[in-house]
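Participant: Input: one structure, supplied below.
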Amino acid sequence: MDLYAENILDHYRDPRHKGVLANADITHSEANISCGDEVTLHIRIEDNRIADIAWEGTGCAISQAGISILCEELHGMSVHDATALTKEDIYELLGIPVGPRRFKCALLCLHTLKNALHICEGEPVQDWLQTVEIEDE
Amino acid sequence: MATNTPDVRSQFTALRMKAPPVYLDCAATAQTPDAVIDAMDEYYRTYCANVHRGMHGLTERATLAYEEARKTVASFVGAMYTSEIIFTKNCTEAINLVARTWAEEHLQKGDTVVLSLLEHHSNIVPWQQLATRKGVHVEWIPVDKEGKIQTGEIDAILQRATVKLVCVTGLSNVTGSRPDIASMTKKAHDAGALILVDAAQLAVHHKVDVQEIDCDFLTFSGHKLYGPTGIGVLYAKRDLLRNMPPFLGGGMMIQDVTMEGFTPAESPARFEAGTPPIAQAIGLKAAIEWLSGYSWEEMEAHEQTLMTACMRVLQRMDGVSVIGPHSATERSGCISFTVDGVHPHDLTDLLGQEGIALRAGHHCAQPLHKHLGVPATSRVSFGIYNTEEEIDLLEKGMKKALDILKI
Ligand SMILES: Cc1ncc(COP(=O)(O)O)c(C=O)c1O
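Have a look at this one:
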């Protein structure tokens, strides 16, 4: 299967929810420093649901399509469900074979979401190792 | 006479394969000719032993081979004395050795180390660490839009600061531009400063003669010179080495150890604590001997042909901007470029799927990328075994990739 599958290229060329959100409750940025991928996520929460969501960013097709696809999924989702998302969920959403070269590109969206929600809850942010679930043995 | 590329290629197992890689990433690490692998194989199979330890025949043979390697390297760079060659783990460690010994001893708070904006992180961070440890200043020589060093700026810095050391790359691993090292050496010496030349890229593409350039320190890695990983070289003038404190402590670097303390050995042993990279030194010697089967003139002519062909391909592609000198004759080794609207990781990932190996990223030169206003680039780099057909394949591969990625 192809990393640059049609859905990835579709979201890369025609990103969904891209822009700013004037009345956001949380705005949070993360970067994939080794690649230079950047994502800023804006979230508005109402009744414990993600009522509105937008993002800005630059970077490779995988990272930018990733956040676009995730935002479509998050729109209207309960904060509880959003908090529970795992890297497997992201891989499933993207539907592409993400190998060791590109997993950070693919998971930048999740990393940004996780830390946006942590900040919202007043919790400490998590580092990349936690997001990619690599055991530090 | 042009280098006979099919003959060169036949000497690499990796390039004899049915579908050999289109390997255009030599600046990161070069492919290894069989001669190098065979030399190391012979050591491991027939005379594997430690060096300078013990009286048996195997250790004697290993010691001789290790010290022969030092002689080969000394003559490769034109060193006056064999003891001016120190083996390290890589170019990076060689630069760190100078920072942690010579510079640690001789630089005072308020002194200045000058770097060029072309430098690789391995010729930046050791000096920033020194600056933090000792209160030394780091000043930067800027480069122009084509990535060429602005020589006038060196004069200004040398005039206004107490410069003790100038650190400069002999050949940029991003722009392929080649600073005028001889003139910078003269300027540094006139101002009472020493000069360190990072020859990691230079040593692969052009003849290096430390007498001619008169540099004080010169560093490079084996693996970029068709040799093995795990070995690097520091050349330093003998008088400097005599007054340099040891680097790492341990076996081999001592003359005498008592319960009260130790007396360090002479150079080069003083700077080579512990069991050195023996097989790698033997491999590096084989690499240098293999390379000297070709003349610098033929290698330079061959690589210039590739450079010209590749520059032509890139310059006629829509949206491609080449970083560094626009003229092929002003550059060697590599070409870094950006494509409008296309991230280098996407381009090189798709090229990789076609078996074409390019590097993408900031190539361990973030200050330069920042200065040039690009977050990341894709880089093509050449070696002795690359061909014009590979440049054609690159062109086809790029067209295909850009078709997929274009918005
Ligand atoms: C110009 C330059 N200097 C230094 C280095 C560091 O070499 P090594 O990683 O082998 O220590 C490199 C390698 O990428 C380089 O291109």
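Just so you know, the sequences run in chain order A and B. Be aware that the first sequence starts at 85, since it is given in this note's numbering, and climbs by one per residue. Be aware that the second sequence starts at 2, since it is given in this note's numbering, and climbs by one per residue. Every residue, glycine too, gets a C-beta built ideally from N, C-alpha and C. Owing to the predicted nature of the structure, the values given are computational and were not obtained by experimental measurement.
Which first and last residues belong to the alpha helix (DSSP H) in which A/F187 is found?
Facilitator: Note, A/F187: alpha helix (DSSP H), 187-204.
Participant: Determine whether the Cβ of A/E207 lies closer than 8 Å to any Cβ atom of chain B.
Facilitator: Answer no: the Cβ-Cβ gap between A/E207 and chain B never drops below 8 Å.
Participant: For B/L249 versus B/D217, is the C-beta spacing smaller than 8 Å?
Facilitator: In this structure, B/D217 does not lie closer than 8 Å to B/L249 by Cβ.
Participant: Where does B/R1 land, buried or exposed, given buried means 16+ other C-beta within 10 angstroms?
Facilitator: With chain B covering 2 to 408 only, the question about residue 1 of chain B has no answer from this structure.
Participant: Which bits of chain A does B/G398 rub up against, with CB to CB less than 9 Å?
Facilitator: Result: empty, since nearest Cβ-Cβ is about 14 Å, beyond 9 Å.
Participant: Using the Cα positions of B/Q256 and B/T264, report the straight-line distance between them to the nearest angstrom.
Facilitator: B/Q256 and B/T264: Cα-Cα distance of roughly 5 Å.
Participant: Helix, strand or coil for B/T186, going by three-state DSSP, please let me know.
Facilitator: Note: B/T186 maps to helix in three-state DSSP.
Participant: Pick from B/H346, B/A358, B/F338: whose alpha carbon is nearest that of B/V175?
Facilitator: Ranking the options by Cα distance to B/V175, first place goes to B/F338.
Participant: For B/G233, list the residues DSSP reports as bridge partners.
Facilitator: B/G233 is bridged to B/T89, B/S222.
Participant: Expressed to the nearest angstrom, what Euclidean distance is found between the alpha-carbon atoms of B/D319 and A/A115?
Facilitator: Whole-angstrom Cα-Cα distance: 29 Å.
Participant: Taking 8 Å as the threshold, find out whether the stretch 273-285 of chain B comes into contact with the stretch 70-82 of chain B through three or more Cβ pairs.
Facilitator: Contact holds: three or more Cβ-Cβ distances are below 8 Å.
Participant: B/G233 to A/D121, Cα distance in whole Å?
Facilitator: If you take the alpha carbons of B/G233 and A/D121, they lie about 33 Å apart.
Participant: Using the beta-carbon of each residue, which ones in chain A are nearer than 7 Å to B/P376?
Facilitator: Chain A residues near B/P376: G120.
Participant: Closer than 8 Å by beta-carbon distance: list the chain A residues that pair up with B/I405, in chain order.
Facilitator: The contacting residues are Y88, L93.
Participant: How long is the line joining the alpha carbons of B/P7 and B/R62, rounded to whole angstroms?
Facilitator: Roughly 35 Å separates the two Cα atoms.
Participant: Between B/Q12, B/P22, B/Q151, which has its C-alpha nearest B/T33's C-alpha?
Facilitator: When only C-alpha atoms are compared, the closest one is B/Q12.
Participant: Could you please tell me which residues of the stretch 351-362 of chain B, in chain order, have their CB closer than 9 Å to any CB of chain A?
Facilitator: If the cut-off is 9 Å between Cβ atoms, the stretch 351-362 of chain B has L351, G353, Q354, A361, G362 near chain A.
Participant: Using a Cβ-Cβ cut-off of 6 Å (strictly less than) and excluding sequence neighbours within five positions of B/M312, which residues of its own chain qualify?
Facilitator: Result list for B/M312: A329, in chain order.
Participant: Since A/G141 meets chain B, which of its residues come closer than 9 Å, beta carbon to beta carbon?
Facilitator: Here the premise fails: no neighbours, minimum Cβ distance about 11 Å.
Participant: Who are the neighbours of A/R185 on chain B, taking C-beta pairs under 9 Å?
Facilitator: Correct list: H346, D350, G353.
Participant: Using a Cβ-Cβ distance under 8 Å, would A/C144 count as near chain B?
Facilitator: Chain B contact via Cβ: present.
Participant: When the cut-off is 8 Å and only beta carbons count, does B/A3 lie next to chain A?
Facilitator: Interpretation of B/A3 is limited by its pLDDT of 49, a score under 50 that renders its predicted location unreliable; no figure is taken from the coordinates.
Participant: I'd like to know whether the C-beta of A/C204 is nearer than 8 Å to at least one C-beta of chain B.
Facilitator: By this cut-off, A/C204 is not an interface position.
Participant: Excluding sequence positions up to five away, which residues of its chain have a Cβ less than 8 Å from the Cβ of B/Y36?
Facilitator: The sequence given here has Ala at residue 36 of chain B, not Tyr. Q12, A287, A288, E290, W291, listed in sequence order.
Participant: Sorry if obvious, but does the Cβ on B/C168 come closer than 7 Å to a heavy atom of ligand 1?
Facilitator: No, Cβ of B/C168 sits at least 7 Å from all heavy atoms of ligand 1.
Participant: Any heavy atom of ligand 1 closer than 7 Å to the Cβ of B/S382?
Facilitator: No, since every heavy atom of ligand 1 falls outside the 7 Å radius drawn around the Cβ of B/S382.
Participant: Candidates A/D136, A/D131, A/H195: which alpha carbon is nearest A/V209's?
Facilitator: Selected option, being the one with the closest Cα: A/H195.
Participant: State the start and end residues of the unbroken alpha helix (DSSP H) segment that holds A/L154.
Facilitator: Here the alpha helix (DSSP H) through A/L154 covers 145-158.
Participant: Quick check: is the beta carbon of A/C189 nearer than 8 Å to any beta carbon in chain B?
Facilitator: Chain B contact via Cβ: present.
Participant: Give a yes or no on whether the C-beta atoms belonging to B/E391 and B/L25 are separated by under 8 Å.
Facilitator: Taking 8 Å as the Cβ cut-off, B/E391 and B/L25 qualify as a contacting pair.
Participant: Mapping the DSSP letters down to three states, classify B/Y45 as helix, strand or coil.
Facilitator: It is helical.
Participant: To the nearest angstrom, how far is it from the Cα of B/I405 to the Cα of A/G143?
Facilitator: Those two C-alpha atoms are separated by around 16 Å.
Participant: Counting only runs of 4+ residues fully inside the stretch 261-296 of chain B, write out the alpha helix (DSSP H) ranges in chain order.
Facilitator: Those alpha helix (DSSP H) runs which fall completely within the stretch 261-296 of chain B and span 4+ residues are 279-292.
Participant: From the DSSP output, in three-state form, read off B/V338 for me.
Facilitator: Here residue 338 of chain B is Phe; the residue named in the question, Val, does not match the sequence. Here B/F338 sits in strand by DSSP.
Participant: Among B/K407, B/R317, B/L119, B/P278, whose alpha-carbon lies nearest the alpha-carbon of B/T230?
Facilitator: Selected option, being the one with the closest Cα: B/P278.
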